[in-house]
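Numbering (our numbering), first residue to last: 1362 to 1593.
Using N, Cα and C, we set each Cβ at its ideal position, and we do this for glycine too.
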């Protein structure tokens, strides 16, 4: 009966939860067969990583997920790339190539980070070690000869984040190197001056003895007294 149906509805309503879901607009565009085929052949997207450890973890998971370990080597990507080419699998070649590129970039950033922390006797030695790696990371050539303190005021848009994150640190290290170098130059100048004085002293005749100096003083005094008594 209608009454029993109504009572059932009330019971269901008491123990039910209702949701209203709003979705953003979804656009569906028609594509041709070639476009669909290309999309289907695209390799899985490779996310961005900040460390080599994160990338290696991702690789191990992906190789395991797709069963790539049966014919590729996760620990030897160059071999994996060569093997992918032998298999004539363009999708796999592109995927492994991108992984190698990302891994090389992360390794380069690691080297740059280590070089910025190394010890340098002079600021020029630091420039010689750091600047080549900055160039490899795509740093603009026209800014390469600026000091790090000068670079700190430039717009860093387009710079590799490894460089961006180290400019302030490099500026402080640059100041420390310059201060150390200035103090070292002063110490060397003092040493050079002392050595010059010692060398000059060696070329001067040996000083007269105390007895000789006393005798000359007495003679000079007697001469002075004679002149005073004679002419005054």
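List the endpoints of the continuous alpha helix (DSSP H) containing residue i.
i	result
residue 1391	Run containing residue 1391: none; DSSP gives neither H nor E here.
residue 1411	Counting along the chain, residue 1411 falls outside any alpha helix (DSSP H), and DSSP gives it neither H nor E.
residue 1439	1438-1447
Roughly how many whole angstroms lie between the Cα atoms of residue i and residue j?
i	j	result
residue 1411	residue 1467	7 angstroms
residue 1477	residue 1549	27 angstroms
residue 1497	residue 1469	8 angstroms
residue 1481	residue 1538	8 angstroms
residue 1551	residue 1483	19 angstroms
residue 1511	residue 1540	17 angstroms
residue 1456	residue 1429	12 angstroms
residue 1518	residue 1495	15 angstroms
Three CB pairs or more closer than 8 angstroms across the stretch 1539-1551 and the stretch 1423-1436: no
Contiguous alpha helix (DSSP H) assignments of at least 4 residues, all confined to the stretch 1459-1545: 1484-1497, 1509-1512, 1522-1525
Any 3 or more C-beta pairs closer than 8 angstroms across the stretch 1500-1516 and the stretch 1549-1556: Contact between the stretch 1500-1516 and the stretch 1549-1556 is absent: fewer than three C-beta pairs spanning the two stretches fall below 8 angstroms.
Any 3 or more C-beta pairs closer than 8 angstroms across the stretch 1422-1429 and the stretch 1470-1480: Contact between the stretch 1422-1429 and the stretch 1470-1480 is absent, because fewer than three Cβ pairs lie under 8 angstroms.
The stretch 1521-1532 / the stretch 1484-1503 touching (three or more Cβ pairs under 8 angstroms): yes
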